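Counting the sequence shown from 1 gives a position; my numbering is that position plus 402.
Beta carbons: idealized from backbone N, C-alpha and C, even for Gly.
Since this is a predicted model, take the numbers as computed values, not measurements.
Remarks on the structure that follows.
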Amino acid sequence: MEFYKKDIDQEKYTIATYEMSSEISLENAAWNLAIGQSVGNPNVRNSWESDALFEKHSCVIKGDKENLSSVKSGKIEIGFPVINTDWAEDGISHLLCQLMGGQLDINTITQCRLIDLKIPHKIKQKYFLKPKYGIDGIRNFTQVYNKPILGGIIKPKTGISPEILLEMVKQLAEGGVNFIKEDEILSNPSFCPLEDRVRIISQYLKAEYPNTVYAFCINGDHHAVLKRAELVHRLGGNAIHVNIWSGLGVYNSLRKLDLPLFIHFQKSGDKIITDTQHRFGIDWSVICGLAGLMGVDFIHSGMWGGYANDDEKDLQEVIDILHKFNVMPALSCGMHPGLVNKVTEKFGIDYMANVGGALHGHPSGTLSGTKAMRQAIDNTFKEEYHEAIKKWGQSK
């Protein structure tokens with residue numbers, strides 16, 4: 403079999419692009435990855451390995467062997483045979499096992515970062531549902547057009563009762579939020595059970611603010627997350643929030659339930675996987691592409707100008723990827739009224755300004771903080787807005 407290809411068939415292979423470094427050569431790193439993550443031990447052949455097996459199941463490497471042998475680092479493309487995956491059930495979890503698995507155990511590979519991923523069109527069309535609602539559905543539900551969506555985050559993160567939560571929700575809704583998200587720390591604690599929260603919050607919003615999205619936090623192991631999504635739907639909820647630590651594959655499973663629920667992807671903790679200073683990792687842009695493919699409606703995509711402050715070019719790249727999938731980027735981690743106009747100027751209107759501290763920490767309380775953000779988005783500047791600017795400043 404010819405392992406080195408000038409071009410890789412984009413319908414027979416998932417093509418992964420890596421930044422890699424090796425103590426020996428880039429060719430050595432690519433070989434260890436390609437063979438080790440498909441048919442077997444990179445350095446030891448055995449009698450069970452036939453030419454036909456290699457032809458059907460081995461990864462292939464794009465490039466010339468001699469050229470790759472002359473350098474120790476660079477970008478490399480590896481083709482993973484689509485036949486090696488049961489796409490209906492292995493899904494994202496097993497795909498990532500292949501893409502970022504055993505090569506990380508090989509000492510001579512000193513860096514391996516997944517920076518791009520191309521899944522065959524026929525696989526994407528057949529096995530992934532993409533967002534049920536996305537930007538268009540979110541705007542139709544909330545009846546908010548031609549401006550950013552206003553999101554509010556529950557604070558304190560935990561320790562509250564369902565009754566206190568309801569009082570907070572009333573102020574957020576009265577102040578004009580379009581979306582409310584429970585924090586990722588609140589899932590199903592004994593003092594604030596999910597079932598109790600869904601009953602009282604959904605009943606209130608349906609009666610008083612039916613165009614408000616409320617994302618209940620349902621973090622947990624996969625079996626629990628799916629059960630909780632069904633519970634939220636059964637009790638009248640309209641959205642769920644799942645943090646990345648519940649597992650990337652769970653978003654695919656949730657979307658395949660095909661419930662009438664908005665799905666919010668919360669990224670907090672992702673830098674353990676995505677930080678560019680790490681020798682091994684996956685680019686955040688790749689994860690955002692997978693999230694769009696799996697079918698989330700909202701994703702905490704990053705932030706500009708807050709206590710989190712992503713590189714503007716990198717953030718724009720991520721937003722562009724999400725928009726291609728019709729996913730609503732949520733900008734959060736230090737958002738406040740004085741940032742809204744500048745963020746909109748830089749990134750356009752198709753994002754959600756998701757706010758916690760600047761709502762609840764407003765000098766006059768949660769209701770005033772929410773009104774201040776509403777005024778910032780609507781360009782109707784009143785007392786609440788000016789109080790907020792005095793506290794947090796204004797980005798020029």
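| Query | Result |
| --- | --- |
| According to DSSP, is M380 helix, strand or coil? | This structure gives no information on residue 380, because the portion of the chain shown stretches from 403 to 798. |
| Suppose only complete runs of 4+ residues qualify. What are the alpha helix (DSSP H) ranges in the segment 485-552, listed by chain order? | 493-501, 523-529 and 536-544 |
| Could you check the C-alpha separation between L455 and L516 for me, to the nearest Å? | 26 Å |
| Given that a residue counts as buried once 16 or more other Cβ atoms are within 10 Å of its Cβ, and exposed if not, what is A609? | exposed |
| I'd like the ranges of any beta strand (DSSP E) spanning at least 3 consecutive residues and lying wholly in the segment 747-780. | 754-757 |
| Could you tell me whether the segment 694-702 touches the segment 558-568, where touching means 3 or more Cβ pairs closer than 8 Å? | no |
| Have a look at the DSSP bridge pairing and note the partners of M422. | G476 and C514 |
| Determine the extent of the beta strand (DSSP E) in which I684 is found, giving its start and end residues. | F682 to I684 |
| Could you give the residue range of the alpha helix (DSSP H) that holds S703? | Careful: S703 lies outside any alpha helix (DSSP H), inside the beta strand (DSSP E) at F700 to G704. |
| Please state if the CB of I587 and the CB of K559 are separated by a distance shorter than 8 Å. | yes |
| Given this structure, state the Cα-to-Cα distance separating T544 from G639, to the nearest angstrom. | 15 Å |
| Going by C-alpha distance, which of H635, C619 and V652 is nearest H625? | V652 |
| Distance check for L531 and K658, CA to CA, integer angstroms please. | 7 Å |
| Taking Cβ to Cβ, would you say I646 is nearer than 8 Å to A631? | no |
| Within a Cβ cutoff of 7 Å, which residues of the same chain sit near A490, ignoring the five residues on either side of it in sequence? | Y529 |
| In this structure, what does DSSP give as the bridge partners for P483? | Y415 |
| Assuming contact is defined by CB atoms lying nearer than 8 Å, are Q439 and G504 in contact in what I supplied? | yes |
| What's the call for D752, buried or exposed, on a 16-neighbour Cβ count within 10 Å? | buried |
| If we cut at 8 Å on Cβ distances, does G536 have a partner in chain D? | Going by chain labels, chain D is absent from the structure shown, which holds only one protein chain. |
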